[in-house]
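Engineer: After the structure tokens below, expect a handful of questions from me.
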Amino acid sequence: MASEQGIREARALIRGAGAATLASAAGGQPFASLVTPAPAPDLSPLLWLSTLSEHTRHLAAEPRCALLFTGAAEGPNPQTAPRVTVTGLAEQVPEAEVAPLKARWLARHPYAALYADFADFGLWRIRIGGALHVGGFARAERIKAAELAPDPGAVAAVLAAEPDIIQHVNDDHSDAVAAIAQGLLGAGPGDWRLVAVDVDGCDLSEGNRTVRLAFLSPVSDADAVRAALIRAAREGRARSGQAG
345 MASEQGIREA RALIRGAGAA TLASAAGGQP FASLVTPAPA PDLSPLLWLS TLSEHTRHLA
405 AEPRCALLFT GAAEGPNPQT APRVTVTGLA EQVPEAEVAP LKARWLARHP YAALYADFAD
465 FGLWRIRIGG ALHVGGFARA ERIKAAELAP DPGAVAAVLA AEPDIIQHVN DDHSDAVAAI
525 AQGLLGAGPG DWRLVAVDVD GCDLSEGNRT VRLAFLSPVS DADAVRAALI RAAREGRARS
585 GQAG
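By the count of our numbering, the sequence shown reaches residue 588 at its end, each step adding exactly one.
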């Protein structure tokens, strides 16, 4: 059984990644490529892929694949970097599900709006089958898919509340969003807005930049999201010397 810390760290790496390495295969020959994932509410990595890309053709023929998510190393040794390798099956997202998941992917990668509507692009999802988390040098453990996955009830509750949370926070608490982005996350000035919420955290964006706030622990409903955002805003204001 995987440790609670390892599961939490692995989920944070997947949720927070702006880029990852995709391992696919063609005719038994492994192939690695850079991709830009975004997590679905249930943690499944989403990929917006062009049919012109070699790895897209690989996944269409052989859905078994892997994704490597890597954090920052603690020092000069790259082996100290936390990372998680996720194995699973790739599938093209059915048309009926594309719109909300594409919006979530674009919330993480707003710069991609320039090409997101090109006819050769489509949304893919990786169904996670398992993971190997390495917390640093000589710290590795395997994580089963059921251990890694967030609670389905919590995922559904937060997803249902997400539109109202985003509208309320952006309309009535823009100062709190700024405090989190600038004071807590050190993202610098900008017209920061809340763009996505999930059980593990939320995404803030100001155009072409998106930053991630990881909650201290997973949340299960709208009230828990509210409490996590209030706590983050207070800490952000304290760090920047603001009152309140």
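Note that the Cβ used here is the ideal one computed from N, Cα and C, for glycine as well.
Quick one: grab the DSSP three-state call for histidine 477.
Structural biologist: Strand, per DSSP.
Engineer: Cβ atoms of leucine 560 and leucine 548: under 7 angstroms apart, would you say?
Structural biologist: No, these two residues do not count as a Cβ contact at 7 angstroms.
Engineer: Please state whether DSSP places leucine 529 in a helix, a strand or coil.
Structural biologist: Note: leucine 529 maps to coil in three-state DSSP.
Engineer: Relative to the alpha-carbon of alanine 577, which residue among Leu433, Gly360, Ile510 and Gly527 has its alpha-carbon at the smallest distance?
Structural biologist: With distances taken between Cα atoms, alanine 577 lies closest to Gly527.
Engineer: Where DSSP assigns a beta bridge to tryptophan 449, which residues make up the other side?
Structural biologist: DSSP output for tryptophan 449 lists no bridge partner at all.
Engineer: What does aspartate 547 pair with, by DSSP beta-bridge criteria?
Structural biologist: For aspartate 547, which the question treats as bridged, DSSP gives the partners Ala540 and Arg556.
Engineer: Do alanine 364 and valine 379 come within 7 angstroms of each other at the CB atom, strictly closer than that value?
Structural biologist: In contact: valine 379 and alanine 364 (Cβ atoms closer than 7 angstroms).
Engineer: Going residue by residue through the segment 374–434, where are the continuous beta strand (DSSP E) segments of at least 3 residues, counting only ones entirely within it?
Structural biologist: Runs of the beta strand (DSSP E) inside the segment 374–434: 389–394 and 408–414.
Engineer: Between which two residues does the beta strand (DSSP E) holding isoleucine 487 run?
Structural biologist: It spans 483–488 - the beta strand (DSSP E) in which isoleucine 487 sits, taken as one unbroken run.
Engineer: Helix, strand or coil for alanine 364 per DSSP?
Structural biologist: Here alanine 364 sits in strand by DSSP.
Engineer: Rounded to whole angstroms, what's the CA-CA distance from alanine 434 to serine 584? Just pull it up for me.
Structural biologist: Answer to the nearest angstrom: the Cα atoms are 43 angstroms apart.
Engineer: Count the other CB atoms, across all protein chains shown, that sit within 10 Å of the CB of glutamate 418; report buried if there are 16 or more and exposed otherwise.
Structural biologist: Glutamate 418 comes out exposed.
Engineer: Helix, strand or coil for alanine 571? Go by DSSP, reduced to three states.
Structural biologist: Alanine 571 falls in the helix class under three-state DSSP.
Engineer: Since phenylalanine 465 sits in a beta bridge, which residues does DSSP pair it with?
Structural biologist: Answer is Ser394.
Engineer: One question on the structure: do glycine 432 and isoleucine 487 come within less than 7 angstroms of each other, judged by their Cβ atoms?
Structural biologist: Contact: no.
Engineer: Relative to the C-alpha of valine 569, which candidate in Thr424, Ala404, Leu387 and Ala504 has its C-alpha closest?
Structural biologist: When only C-alpha atoms are compared, the closest one is Ala504.
Engineer: When we look at the beta-carbon of aspartate 464 and count the other beta-carbons within 10 Å, is it buried (16 or more) or exposed?
Structural biologist: Its Cβ having fewer than 16 others within 10 Å, aspartate 464 is exposed.
Engineer: Can you check whether the CB of valine 428 is closer than 7 angstroms to the CB of alanine 493?
Structural biologist: No. Outside cutoff.
Engineer: Between the alpha carbons of arginine 575 and alanine 498, how many angstroms are there, rounded?
Structural biologist: About 20 angstroms.
Engineer: Check whether the Cβ atoms of leucine 529 and valine 555 lie closer than 7 angstroms to each other.
Structural biologist: Yes, Cβ-Cβ distance for leucine 529 and valine 555 is below 7 angstroms.
Engineer: Would you check if there are 3 or more beta carbon pairs closer than 8 angstroms linking the segment 399–411 to the segment 365–379?
Structural biologist: Verdict: yes, contact present.
Engineer: Write down the C-beta distance between proline 389 and isoleucine 358 rounded to the nearest angstrom, noting that I regard them as a contact closer than 8 angstroms.
Structural biologist: The Cβ separation is near 7 angstroms, so the contact holds.
Engineer: Evaluate glycine 551 with the Cβ neighbour count: other Cβ atoms within 10 Å of its Cβ, from every protein chain shown; 16 or more gives buried, anything less gives exposed.
Structural biologist: Looking at its Cβ environment, which holds fewer than 16 other Cβ atoms inside 10 Å, glycine 551 is exposed.
Engineer: Ordered along the chain, which non-local residues of its own chain (more than five positions away) have a Cβ less than 6 angstroms from that of aspartate 508?
Structural biologist: Same-chain partners within the cutoff: there are none.
Engineer: So aspartate 544 and alanine 558 are supposed to be a Cβ contact under 8 angstroms. How far apart are they, rounded?
Structural biologist: Contact holds; Cβ gap of about 6 angstroms.
Engineer: Could you tell me the alpha carbon to alpha carbon distance between glycine 415 and proline 426, rounded to whole angstroms?
Structural biologist: About 5 angstroms.
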